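First comes the structure, then the notes that go with it.
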Amino acid sequence: MEKQPLIEFRNVTKRFGERTILSGVNLKVYEGEVTTLIGLSGTGKSVTLKHIIGLLKPDDGEILYQGQPLRRMTRQGWNDYIGRISYMFQNNALFDSMTVFENVALPLKRTTKLGRRQIEAKAMARIEQTELTEVAHKYPSEISGGMQKRAALARALVTDPQIVLFDEPTTGQDPIRKNAILGMIAEYKRKIGFTAVLISHEIPDVFFISNRILVLWDKQIVFEGPPEQMENFNHPFQDEILQSLENLKEDITGLYSSRHFKIRYQTELVRRGADESYAVLIFSFENMEEVSETISHDAAQQTLRSLGTYIRKHFGAVGGFSTRLTINEFATLLPFSDLEEAGRILEKFTADFQAHGMRELEETFLKETRSKQCFDFVISVGMAQGKPQVEIESVMEFARFDKKPIAMFQCGTRR
Numbered sequence: 064m065e066k067q068p069l070i071e072f073r074n075v076t077k078r079f080g081e082r083t084i085l086s087g088v089n090l091k092v093y094e095g096e097v098t099t100l101i102g103l104s105g106t107g108k109s110v111t112l113k114h115i116i117g118l119l120k121p122d123d124g125e126i127l128y129q130g131q132p133l134r135r136m137t138r139q140g141w142n143d144y145i146g147r148i149s150y151m152f153q154n155n156a157l158f159d160s161m162t163v164f165e166n167v168a169l170p171l172k173r174t175t176k177l178g179r180r181q182i183e184a185k186a187m188a189r190i191e192q193t194e195l196t197e198v199a200h201k202y203p204s205e206i207s208g209g210m211q212k213r214a215a216l217a218r219a220l221v222t223d224p225q226i227v228l229f230d231e232p233t234t235g236q237d238p239i240r241k242n243a244i245l246g247m248i249a250e251y252k253r254k255i256g257f258t259a260v261l262i263s264h265e266i267p268d269v270f271f272i273s274n275r276i277l278v279l280w281d282k283q284i285v286f287e288g289p290p291e292q293m294e295n296f297n298h299p300f301q302d303e304i305l306q307s308l309e310n311l312k313e314d315i316t317g318l319y320s321s322r323h324f325k326i327r328y329q330t331e332l333v334r335r336g337a338d339e340s341y342a343v344l345i346f347s348f349e350n351m352e353e354v355s356e357t358i359s360h361d362a363a364q365q366t367l368r369s370l371g372t373y374i375r376k377h378f379g380a381v382g383g384f385s386t387r388l389t390i391n392e393f394a395t396l397l398p399f400s401d402l403e404e405a406g407r408i409l410e411k412f413t414a415d416f417q418a419h420g421m422r423e424l425e426e427t428f429l430k431e432t433r434s435k436q437c438f439d440f441v442i443s444v445g446m447a448q449g450k451p452q453v454e455i456e457s458v459m460e461f462a463r464f465d466k467k468p469i470a471m472f473q474c475g476t477r478r
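Just remember that our numbering sits 63 ahead of the position in the sequence shown, which is counted from 1.
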């Protein structure tokens, strides 16, 4: 039996005067997932999001929450529904006359019956998690745009909502901060257990945290499914955005996009015959989530970037090519290599990485973190051999099973 969606649009149409923005939109949002809505600018993504929270109402069609139409809810039912939702506006919508702390605490004061000390504790907990402690008592005009974005994120999460709507949460951020914000959304989703609905242009980075992608095109949803299915999505939207991924290098690492990675794999190996072998190496920043949560999101992202750059430079010099595979993994493919040859190349990489590369990662990490806590991180690598007739995803899984640590850093001591 199909799982019931938490939120569902059924043939929703919205007009502003004679202009139709949404026309018969159908979509589903499932509990506990990250659903990301993508599309060209001005196509109605924000309009769609505002329908969920009731800022706009459809001219035709139905919006349902747990199978119940919003328009048929009682006043108490509607209040309960709205109380479960938090919204992070694209422009942050912070109050200039309030400090960061007061902005973050405001939803608790307005929507709960918590006492002063409880409000202060919850607000400061979110402020600390978003690395804003030093500016808690400053006004929005006194802090950077990146800090304002994080303050808006802290405010959106302070009530422990069931559903959080994010309208372009990374707008105006540099590549490192963009990935740090996406990482925080993924982390807090796991920690708090909310359902997230995002509008984002951060392709492919947002795919790493998304369970489902919705594509809005010409007033309708033309694709709905997991990110990996978009590779087979045959639509004009692909020409506008997805096709550009063939030449896109991910901002945070400078590596190939996953799409370009597979295109090169198919070009260099699949078309040259079934007998050609290749080797795949999977590199992992093993405890990245723990580092992000307990130390610093920025430190984790900068360390990840340094690792990706080091991998790209070393293996690119011997004919390999790499991609960021998941939020903390990289895949490197060595064409026309077997395990023996790949092993020799990996030995040289490991020796060089332990002598020089790990020091760069340590310096990056120590520069970015302001914490005096004891911490450690582990870099692991696994290796497997494949042939064109075997799906590359299966070869990557074998490589994951073979992972072993090649470098460890703990409290300033490299091993």
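Glycine included, each C-beta is placed from N, C-alpha and C at the ideal position. All values reported here derive from a predicted model rather than from experimental measurement.
- Residue burial annotation: Gln365 is buried, with at least 16 other C-beta atoms found within 10 angstroms of its C-beta.
- Under DSSP, the beta-bridge partners assigned to Val88 are Val75.
- In the three-state reduction of the DSSP assignment, Ser369 falls in the helix class, which pools H, G and I.
- For Val343, the uninterrupted beta strand (DSSP E) run begins and ends at Tyr341 to Phe348, by DSSP.
- Beta-carbon to beta-carbon, Met459 and Ala405 are separated by about 14 Å, too far to satisfy the 8 Å threshold.
- Ranked by Cα distance from Leu90, the options Arg73, Gly102, Arg82 and Phe79 are led by Arg73.
- Contact annotation: Leu228 and Val260 have beta-carbon atoms nearer than 7 Å.
- Taking C-beta atoms as the reference points, Ile148 and Ile116 count as a pair closer than 7 Å.
- No residue range can be given for Gly80, since it is assigned to no alpha helix (DSSP H) and is classified by DSSP as neither H nor E.
- Per the Cβ contact rule, the stretch 160-174 is not in contact with the stretch 103-123 (fewer than 3 Cβ pairs under 8 Å).
- When C-beta atoms of the stretch 197-212 are compared with those of the stretch 128-147, fewer than three pairs fall below 8 Å, so the two segments do not count as touching.
- In the three-state reduction of the DSSP assignment, Pro170 falls in the helix class.
- For the pair Ala363 and Arg82, the Cα-to-Cα distance works out to about 45 Å.
- In summary, Leu118 is exposed, with fewer than 16 beta-carbon neighbours lying within 10 Å of its beta-carbon over all protein chains present.
- Contact between the stretch 338-348 and the stretch 394-409 is established, with three or more Cβ pairs separated by less than 8 Å.
- Counting the other Cβ atoms within 10 Å of the Cβ of Val198 gives 16 or more, which makes it buried.
- Phe271 is a Cβ neighbour of Ile390, given a cutoff of 7 Å.
- Here Val88 is buried, its C-beta having at least 16 other C-beta atoms within 10 Å.
- Between the alpha carbons of Ile70 and Lys252 lies a gap of roughly 17 Å.
- Per the C-alpha coordinates, the member of Pro451, Leu370 and Gln452 positioned closest to Val444 is Leu370.
- Residue environment: Pro468 is assigned as exposed (fewer than 16 neighbouring CB atoms within 10 Å of its CB, all protein chains considered).
- Where Arg463 is concerned, the enclosing alpha helix (DSSP H) starts and stops at Ile455 to Phe464.
- The residue among Gly124, Arg179, Pro224 and Leu195 with its C-alpha nearest the C-alpha of Met151 is Pro224.
- Under the DSSP definition of a beta bridge, Met151 partners with Phe229.
- Separation of Leu279 and Asn142 (C-alpha to C-alpha, rounded to the nearest whole angstrom) is 29 Å.
- Pairing Gln181 with His200, the inter-Cα distance amounts to about 18 Å.
- Going by beta carbons, Thr193 and Asp123 fall outside the 7 Å limit.
- Within the DSSP bridge table, the entry for Phe384 names Leu396 as partners.
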